[in-house]
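Participant: Please find one structure pasted underneath; my questions will follow.
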Amino acid sequence: MSWYEFGLLFVFSGLSAVAGYAWWDIRTRQRYARRLEGLFTSIHERHFQRRIHLFPKRHRFLSIILSVGLFVVLVEFLDIALPFACAASVLTGVVSYLLEAHFVRRQLDEIEQQLADVIDLIIGLLHTGLTLPKTLEMAMHETRKPLKPFLVDMVSRIRLGDDPPSVIQQLAKQIPLETFQLFSSILSVQWWSGGRLTTTLMNVSAVIRSRLELDRRIRTQSVESHLSVLSILFITYGLSLLMWYLNPVGMEAFLSTPVGSYLGAGAIIVQALGILWIARLSRISF
Numbered sequence: 019m020s021w022y023e024f025g026l027l028f029v030f031s032g033l034s035a036v037a038g039y040a041w042w043d044i045r046t047r048q049r050y051a052r053r054l055e056g057l058f059t060s061i062h063e064r065h066f067q068r069r070i071h072l073f074p075k076r077h078r079f080l081s082i083i084l085s086v087g088l089f090v091v092l093v094e095f096l097d098i099a100l101p102f103a104c105a106a107s108v109l110t111g112v113v114s115y116l117l118e119a120h121f122v123r124r125q126l127d128e129i130e131q132q133l134a135d136v137i138d139l140i141i142g143l144l145h146t147g148l149t150l151p152k153t154l155e156m157a158m159h160e161t162r163k164p165l166k167p168f169l170v171d172m173v174s175r176i177r178l179g180d181d182p183p184s185v186i187q188q189l190a191k192q193i194p195l196e197t198f199q200l201f202s203s204i205l206s207v208q209w210w211s212g213g214r215l216t217t218t219l220m221n222v223s224a225v226i227r228s229r230l231e232l233d234r235r236i237r238t239q240s241v242e243s244h245l246s247v248l249s250i251l252f253i254t255y256g257l258s259l260l261m262w263y264l265n266p267v268g269m270e271a272f273l274s275t276p277v278g279s280y281l282g283a284g285a286i287i288v289q290a291l292g293i294l295w296i297a298r299l300s301r302i303s304f
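Counting in this note's numbering, the sequence shown runs from 19 upward without gaps.
What follows is the structure in structure tokens.
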């Protein structure tokens with residue numbers, strides 16, 4: 019095994035180790051969270067929590083499937099050199115992962131915006147003198163997907179006689195967002211203690227809309243860094259195409275050598291890691 023192949027194997031082993039550690043850390047956190055939560059819940063509640071499907075549905079393994087599938091196609095059917103096939107598969111996996119995360123973020127923004135609209139509707143119905151269960155039912159009919167199925171499940175379980183505070187708290191477990199946790203906590207506490215709910219819900223609606231506006235501003239400010247990364251990538255590939263156009267024989271001869279192939283593949287892998295790093299740095303949680 020040459021030192022080029024050994025270096026490529028070392029890079030992929032490091033990436034596999036990082037991905038494995040991240041997966042192990044996530045699974046460990048989830049396991050301890052379920053164990054801690056099980057100390058304060060009944061057997062029936064724990065059985066129901068095992069059947070909870072979190073929103074939105076993630077497809078984390080899609081990027082791995084695409085990268086492995088592309089690698090097999092490039093090596094077996096197109097007879098592409100192994101370094102370039104590995105680099106193309108890594109770049110495809112990173113891009114597909116970022117696209118999946120972007121789609122999930124859009125779904126979360128949409129359902130959070132719907133929550134603010136539902137709260138405003140509940141406030142208006144409470145001002146007319148309706149009770150909280152009736153306002154939830156009417157809000158269920160006026161809401162569309164993706165929030166409507168969760169409201170339908172919540173109202174239906176309350177009708178069947180389940181404990182209303184526990185049912186409302188399940189909404190925050192199905193949609194693990196801070197705004198839904200706040201909304202569920204307020205409704206469950208008010209269900210037992212009573213009192214005026216409209217003022218509190220107005221503050222919650224204002225907080226949700228301010229949060230969404232701040233998130234939009236942050237993403238707008240991060241567009242500049244994303245565009246700079248994309249421009250550098252386009253310049254790199256543009257220069258490569260220009261060199262290929264000016265001297266195709268020399269370029270092909272260089273990339274056909276072990277040094278040229280591993281250097282080119284290494285550049286593509288470093289670009290993929292840079293894209294992933296910039297995406298992680300521009301993601302702000304608040």
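For every residue, glycine included, the Cβ atom is placed at its ideal position computed from N, Cα and C. What you are looking at is a predicted structure, and each value in this text was computed from that prediction instead of being measured.
#1: Under 8 Å Cβ to Cβ from F168, same chain only, skipping five residues before and after it: list those, please.
#2: Could you give the DSSP three-state label for P194: helix, strand or coil?
#3: Would you mind sorting T149 into buried or exposed? The rule is 16 or more other CB atoms within 10 Å of its CB.
#4: Rank S279, S81, I83 and C104 by C-alpha distance to the C-alpha of L92 and give the top, closest one.
#5: Given A290, which residues of its chain have a CB within under 7 Å of its CB, disregarding the five upstream and five downstream residues?
#6: Just tell me which of S300, L294, L299 and I287 has its CA closest to the CA of F102.
#7: Run the CB neighbour count on T153, radius 10 Å, all protein chains shown included, and call it buried at 16 or more, exposed below.
#8: So E155 is in the alpha helix (DSSP H); what residue range does that whole segment cover?
#9: Taking N221 as part of the alpha helix (DSSP H), name the residues at either end of that continuous run.
#10: Are the stretch 156-170 and the stretch 230-243 in contact at 8 Å, needing three or more beta carbon pairs?
#11: How many Å lie between R76 and V122 at the Cα?
#12: Quick one: what's got a C-beta closer than 7 Å to T197's C-beta in the same chain, skipping five residues either side?
#13: Quick one: any contact between the stretch 136-148 and the stretch 202-221, if contact means 3 or more CB pairs under 8 Å?
#14: Express the C-alpha separation of L84 and L281 in angstroms, rounding to a whole number.
#15: In angstroms with no decimal places, state the Cα-to-Cα distance between V247 and A224.
#16: Which stretch, first to last residue, makes up the alpha helix (DSSP H) that contains A99?
#17: In three-state DSSP terms, what is P276?
#18: By how many angstroms is the C-alpha of S274 removed from the C-alpha of L117?
#19: Under 8 Å by Cβ, that's how I've got L264 and L195 pegged, so tell me the actual separation to the nearest angstrom.
#20: Classify H120 as helix, strand or coil using the three-state DSSP reduction.
#21: Quick one: give me the first and last residue of the alpha helix (DSSP H) that L88 is part of.
#22: Throw me the rounded Cβ distance for the V170 and I176 pair, which I believe falls under 8 Å.
#23: Is S31 buried or exposed, if buried means 16 or more other CB atoms sit within 10 Å of its CB?
Facilitator: From the atom records:
#1: F73, L189, Q192 and I193
#2: coil
#3: exposed
#4: C104
#5: V108, L109 and V112
#6: I287
#7: buried
#8: L150 to E160
#9: T216 to L264
#10: no
#11: 7 Å
#12: E130, L133, I226 and R229
#13: yes
#14: 24 Å
#15: 35 Å
#16: No alpha helix (DSSP H) holds A99; DSSP gives it neither H nor E.
#17: helix
#18: 32 Å
#19: Actually they are not in contact, since the Cβ atoms of L264 and L195 sit about 53 Å apart, beyond 8 Å.
#20: helix
#21: F79 to V90
#22: Between I176 and V170 the Cβ distance is about 11 Å, and since that is not below 8 Å, they are no contact.
#23: exposed
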